[in-house]
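**Student:** Here it is, the structure, as structure tokens.
Chains as they are written, first to last, in the working numbering: chain A, 10 to 343; chain B, 10 to 343.
If you want it as structure tokens, here you go:
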């Protein structure tokens with residue numbers, strides 16, 4: 010029989026098929042492709058993007074020319090725009106606001122074909138450091154309440170360009186899903202005076218069966234309440250609500266576990282598309298987000314979300330996370 | 010500049026691109042295909058499914074043989090199972106429950122290639138009536154709290170079989186998304202002593218710009234807070250929380266508006282995949298769901314959901330619903 014599991018943070022239920030679990034070979038997914046054509050994120054094409062906001066580049070090279078390792082530019086087709094005042098208004102029963110925000114693109118590497126597993130640790134550290142720099146910079150704008158950092162890799166994961174990149178969006182309100190997670194963690198904190206994520210880390214470490222990798226500062230594991238098969242969380246062992254205050258030593262630890270985890274995933278699922286999102290506390294808020302703990306949620310795109318999930322927020326997972334973690338732990342090159 | 014809109018029911022924000030709206034031609038979607046091969050839902054292959062639960066069939070024909078117009082069978086690979094007790098238990102900080110429920114498949118028509126626009130009104134009425142019959146039957150089982158009726162059409166919408174069918178799932182708990190909608194509607198009702206859906210119908214009818222079609226009992230429109238481009242709601246004008254108490258006359262009206270709306274959508278987007286979900290009040294609950302109003306949410310699959318949406322519950326819609334409704338109103342056969 011399948012098992013129903015309840016997310017202790019937001020109350021969502023998932024259905025886990027513990028009876029006839031799917032194996033990695035059982036998933037038919039659309040691998041990420043690299044087509045030919047001119048890429049606006051490659052060396053020499055810097056003029057195809059809006060002028061760069063910030064970059065890590067060889068000394069002596071000019072902005073918007075080759076020589077960069079990481080490059081941040083405004084999104085050419087931004088979902089939100091940086092200029093203007095935040096105006097809220099009503100129209101009958103509806104509420105709306107002007108679309109103020111920031112939408113940046115962080116080009117992770119000059120190499121068009123290199124995803125995380127193919128990069129050097131130092132190259133991953135570079136773009137992770139840039140995530141922080143951008144978050145700290147955008148935090149200064151008091152109109153913004155939340156900074157969302159996320160990556161879409163591969164067309165199946167919604168990426169419109171294949172060159173590896175991350176998006177950074179600053180929002181004038183805290184998104185609903187984030188707020189639910191924060192409230193859930195806060196309720197637990199009020200009740201127990203403990204962080205629920207710290208409790209998750211404790212229980213996962215004890216039980217060990219869902220853990221993929223662990224290093225000095227981080228843990229990667231398949232969450233008990235995975236919504237997607239082979240979903241992975243990467244979480245700092247030390248309690249901290251904010252991603253942007255990560256130290257250089259922690260970045261190094263994060264780069265290493267991120268690389269090794271994605272490598273294992275791609276050994277099981279060659280060329281798989283994926284999304285990841287950094288979940289961090291809201292910025293410039295009045296609330297104290299005690300009991301929240303930043304982490305990365307990583308979702309390989311192995312299935313398509315259908316009507317049932319959209320309608321209910323009820324997810325069916327064909328490979329239990331215990332089994333997914335086992336496959337991932339055992340995945341080795343060669 | 011884009012516009013941020015807040016869902017008055019559940020508080021979710023959507024970003025609507027009012028500045029550079031996308032036209033129907035601007036969407037690259039994967040059309041639903043019909044491959045050859047043996048279909049377990051076609052005439053003559055009745056033994057390929059589990060034995061039928063109920064059917065509408067020519068008099069004199071036997072169950073599990075040809076001669077049916079609508080046929081309901083248990084899902085061969087059910088997400089939940091009908092036998093057993095509902096047992097809840099904890100494991101450290103995690104909660105779980107046995108996977109009790111029902112998972113049925115309703116084969117809408119014997120015609121493998123006929124989707125809603127190609128069916129006769131009477132054929133659509135047949136399968137809509139069967140939706141009700143199944144809901145009323147499943148409602149008798151007191152272990153169930155919610156009955157979800159939804160359709161996935163086309164692989165892009167998550168359908169694993171192409172022959173038109175609907176799924177009916179009875180759940181031992183009310184799904185989170187449904188509960189949020191009910192709570193939002195209830196809060197509004199407490200505050201105003203009016204149904205928010207009735208208020209939406211009133212405002213939409215007055216403003217008219219988002220309406221696609223209207224008939225005696227129903228309205229089809231693109232909601233102000235569409236999460237997906239060309240999202241459509243079909244709603245009864247009369248306040249009622251439960252789909253399953255619909256009258257025969259209303260079924261006839263619903264069949265007609267559903268057919269004409271999907272026809273218009275498919276004129277704009279040939280062969281488009283889609284999901285629809287019937288949102289109705291929970292069954293067997295203690296709560297009185299005053300202020301809830303059943304409706305159908307219809308989502309054509311024109312885009313792929315990416316990291317941003319998953320992470321935030323914040324949706325970006327490239328065609329404002331006002332414009333989508335205009336395109337749909339103007340769509341004519343020819």
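Using N, Cα and C, we set each Cβ at its ideal position, and we do this for glycine too.
Computed from a predicted structure; not experimentally measured.
How is residue 254 (chain A) classed by DSSP in three states: helix, strand or coil?
**Tutor:** The residue you call residue 254 (chain A) lines up with position 245 of the first chain. Helix, per DSSP.
**Student:** Does residue 302 (chain A) get closer than 9 Å to chain B when you measure Cβ to Cβ?
**Tutor:** One-based indexing of the first chain puts residue 302 (chain A) at position 293. No, because no Cβ of chain B sits closer than 9 Å to the Cβ of residue 302 (chain A).
**Student:** Can you check whether the CB of residue 42 (chain B) is closer than 9 Å to the CB of residue 50 (chain B)?
**Tutor:** Within the second chain, numbered from 1, the residue matching residue 50 (chain B) stands at position 41. Within the second chain, numbered from 1, the residue matching residue 42 (chain B) stands at position 33. No, the Cβ-Cβ distance between residue 50 (chain B) and residue 42 (chain B) is not below 9 Å.
**Student:** Between the C-alpha atoms of residue 108 (chain A) and residue 149 (chain A), what's the straight-line distance to the nearest angstrom?
**Tutor:** Working through the first chain from its first residue, we reach residue 108 (chain A) at position 99. Working through the first chain from its first residue, we reach residue 149 (chain A) at position 140. Answer to the nearest angstrom: the Cα atoms are 19 Å apart.
**Student:** Got a sec? Which residues, its chain only, sit under 7 Å from residue 340 (chain A) by beta carbon, not counting five neighbours each side?
**Tutor:** Counted from its first residue, the first chain places residue 340 (chain A) at position 331. Contacts found: 273, 276 and 277.
**Student:** For the candidate residues B:143, B:123 and B:227, whose alpha-carbon lies nearest to that of residue 162 (chain B)?
**Tutor:** In the second chain, the residue the question calls residue 162 (chain B) occupies position 153. Among B:143, B:123 and B:227, the Cα nearest to that of residue 162 (chain B) belongs to B:123.
**Student:** Using a Cβ-Cβ cutoff of 7 Å, what residues of the segment 65–97 of chain B are near chain A? List them in chain order.
**Tutor:** Answer in chain order: 88, 89, 90 and 93.
**Student:** Would you kindly check if the distance between the Cβ of residue 312 (chain B) and the Cβ of residue 238 (chain B) is under 9 Å?
**Tutor:** Sequence index remark: in the second chain, residue 238 (chain B) carries index 229 (1-based). Sequence index remark: in the second chain, residue 312 (chain B) carries index 303 (1-based). Result yes, Cβ atoms of residue 238 (chain B) and residue 312 (chain B) sit closer than 9 Å.
**Student:** Smallest Cα separation from residue 292 (chain B): which of B:222, B:188, B:257 and B:61?
**Tutor:** Here residue 292 (chain B) corresponds to residue number 283 of the second chain, with the count starting at 1. Cα-wise, what sits closest to residue 292 (chain B) is B:188.
**Student:** Using the C-alpha atoms, what's the distance from residue 172 (chain A) back to residue 22 (chain B)?
**Tutor:** Taking the second chain and counting its residues from 1, one reaches residue 22 (chain B) at position 13. Taking the first chain and counting its residues from 1, one reaches residue 172 (chain A) at position 163. Going by the C-alpha atoms only, they are around 29 Å apart.
**Student:** So is residue 110 (chain B) buried or exposed if we call it buried at 16+ other beta carbons inside 10 Å?
**Tutor:** Residue numbering aside, residue 110 (chain B) sits at position 101 when the second chain is read from its first letter. The residue in question, residue 110 (chain B), is buried, as its Cβ has 16 or more Cβ neighbours within 10 Å.
**Student:** Using DSSP with H/G/I as helix, E/B as strand and the rest coil, what is residue 57 (chain B)?
**Tutor:** Along the second chain, read from residue 1 onward, the residue named residue 57 (chain B) stands at position 48. In this structure, residue 57 (chain B) counts as helix in the three-state DSSP scheme.
**Student:** For a contact defined as C-beta to C-beta under 8 Å, what are the partners of residue 249 (chain A) on chain B?
**Tutor:** Numbered from its first residue, the first chain carries residue 249 (chain A) at position 240. What residue 249 (chain A) touches in chain B: nothing, since even the nearest Cβ is about 19 Å away.
**Student:** Is residue 282 (chain A) buried or exposed, if buried means 16 or more other CB atoms sit within 10 Å of its CB?
**Tutor:** On the first chain, position 273 is the one that residue 282 (chain A) refers to. Under this definition residue 282 (chain A) is a buried residue.
**Student:** Just to confirm, is the Cβ distance from residue 11 (chain B) to residue 26 (chain B) under 9 Å?
**Tutor:** As a first step, residue 11 (chain B) is located in the second chain; it is residue number 2 there, counting from the start. As a first step, residue 26 (chain B) is located in the second chain; it is residue number 17 there, counting from the start. Contact flag set, yes.
**Student:** Residue 345 (chain B): which of B:178, B:135 and B:165 sits nearest, CA to CA?
**Tutor:** As shown, chain B starts at 10 and ends at 343. That puts residue 345 (chain B) outside it, with no answer to give.
**Student:** How far does the alpha helix (DSSP H) with residue 197 (chain B) in it extend, from its first residue to its last?
**Tutor:** Numbered from its first residue, the second chain carries residue 197 (chain B) at position 188. Residue 197 (chain B) -> alpha helix (DSSP H) spans 185–201.
**Student:** Using CA atoms only, rank isn't needed, just tell me which of B:121, B:140, B:152 and B:159 is closest to residue 308 (chain B).
**Tutor:** In the second chain, residue 308 (chain B) corresponds to position 299, counting from 1. The candidate whose alpha carbon is nearest that of residue 308 (chain B) is B:159.
**Student:** Hey, does residue 44 (chain A) have any beta-carbon neighbour from chain B nearer than 9 Å?
**Tutor:** Looking up residue 44 (chain A) in the first chain gives position 35. For residue 44 (chain A), the answer is no, since every Cβ of chain B falls outside 9 Å of its Cβ.
**Student:** Could you tell me which of A:60, A:290 and A:14 sits nearest to residue 182 (chain A), measuring between CA atoms?
**Tutor:** The count along the first chain starts at 1 and reaches residue 182 (chain A) at position 173. Of A:60, A:290 and A:14, the residue nearest in Cα terms is A:290.
**Student:** Residue 76 (chain B) to residue 67 (chain B), Cα distance in whole Å?
**Tutor:** Numbered from its first residue, the second chain carries residue 76 (chain B) at position 67. Numbered from its first residue, the second chain carries residue 67 (chain B) at position 58. Those two C-alpha atoms are separated by around 5 Å.
**Student:** Where does residue 213 (chain A) sit, in a helix, a strand or coil, going by DSSP?
**Tutor:** Within the first chain, residue 213 (chain A) is the residue found at index 204, counting from 1. Helix at residue 213 (chain A).
**Student:** Answer yes or no: do residue 134 (chain B) and residue 260 (chain B) have a C-beta to C-beta separation smaller than 9 Å?
**Tutor:** Numbered from its first residue, the second chain carries residue 134 (chain B) at position 125. Numbered from its first residue, the second chain carries residue 260 (chain B) at position 251. Yes, these two residues count as a Cβ contact at 9 Å.
**Student:** Compile a chain-ordered list of the residues in the segment 10–22 of chain A whose CB is closer than 7 Å to at least one CB of chain B.
**Tutor:** Correct list: 10, 11, 12, 13, 14, 15, 17, 20, 21 and 22.
**Student:** Going along chain A, which residues have a C-beta under 7 Å from residue 314 (chain B)?
**Tutor:** Position 305 of the second chain, counted from the first residue, corresponds to residue 314 (chain B). Simply 167 and 314.
**Student:** Note down, in chain order, all residues in the segment 216–249 of chain A with a beta-carbon under 7 Å from any beta-carbon belonging to chain B.
**Tutor:** Cβ contacts with chain B come from 233.
**Student:** Could one say the Cβ of residue 281 (chain B) lies closer than 9 Å to chain A's Cβ atoms, at least one of them?
**Tutor:** Here residue 281 (chain B) refers to the residue found at position 272 of the second chain. Not one chain A Cβ lies under 9 Å of residue 281 (chain B).
**Student:** Check each candidate in A:210, A:310, A:269 and A:331 and name the one with the smallest Cα separation from residue 303 (chain A).
**Tutor:** As a first step, residue 303 (chain A) must be located in the first chain, where it is residue number 294. Ranking the options by Cα distance to residue 303 (chain A), first place goes to A:210.
**Student:** Applying the criterion that 16 or more other CB atoms from any shown protein chain within 10 Å of the CB defines a buried residue, is residue 344 (chain A) buried or exposed?
**Tutor:** Given that chain A is displayed from residue 10 to residue 343, the structure contains no residue 344 (chain A) and the question cannot be resolved.
**Student:** Between the alpha carbons of residue 127 (chain B) and residue 217 (chain A), how many angstroms are there, rounded?
**Tutor:** As a working mapping, residue 127 (chain B) is identified with position 118 in the second chain. As a working mapping, residue 217 (chain A) is identified with position 208 in the first chain. C-alpha separation (whole angstroms): 54 Å.
**Student:** If the cut-off is 9 Å on Cβ atoms, which residues from the segment 105–125 of chain B count as contacting chain A, listed in chain order?
**Tutor:** Those would be 105, 106, 107, 108, 109 and 110, in chain order.
**Student:** Check the Cβ of residue 101 (chain B) against every Cβ in chain A and list those closer than 7 Å, keeping chain order.
**Tutor:** Here residue 101 (chain B) is taken as the residue at index 92 of the second chain, counted from 1. In chain order: 212.
**Student:** Report yes if the CB atom of residue 232 (chain B) is closer than 9 Å to the CB atom of residue 240 (chain B), and no otherwise.
**Tutor:** One-based indexing of the second chain puts residue 232 (chain B) at position 223. One-based indexing of the second chain puts residue 240 (chain B) at position 231. Cβ distance < 9 Å, so residue 232 (chain B) and residue 240 (chain B) count as in contact.
**Student:** Please name the residue or residues paired with residue 173 (chain A) in a DSSP beta bridge.
**Tutor:** Along the first chain, one-based indexing puts residue 173 (chain A) at 164. Paired residue(s): none; residue 173 (chain A) is not in a bridge.
**Student:** For residue 126 (chain A), does the three-state DSSP call read helix, strand or coil?
**Tutor:** One-based indexing of the first chain puts residue 126 (chain A) at position 117. Residue 126 (chain A) falls in the helix class under three-state DSSP.
**Student:** Using a cut-off of 9 Å between C-beta atoms, extract the partners of residue 208 (chain B) located in chain A.
**Tutor:** One-based indexing of the second chain puts residue 208 (chain B) at position 199. Within 9 Å Cβ-Cβ: 101 and 102.
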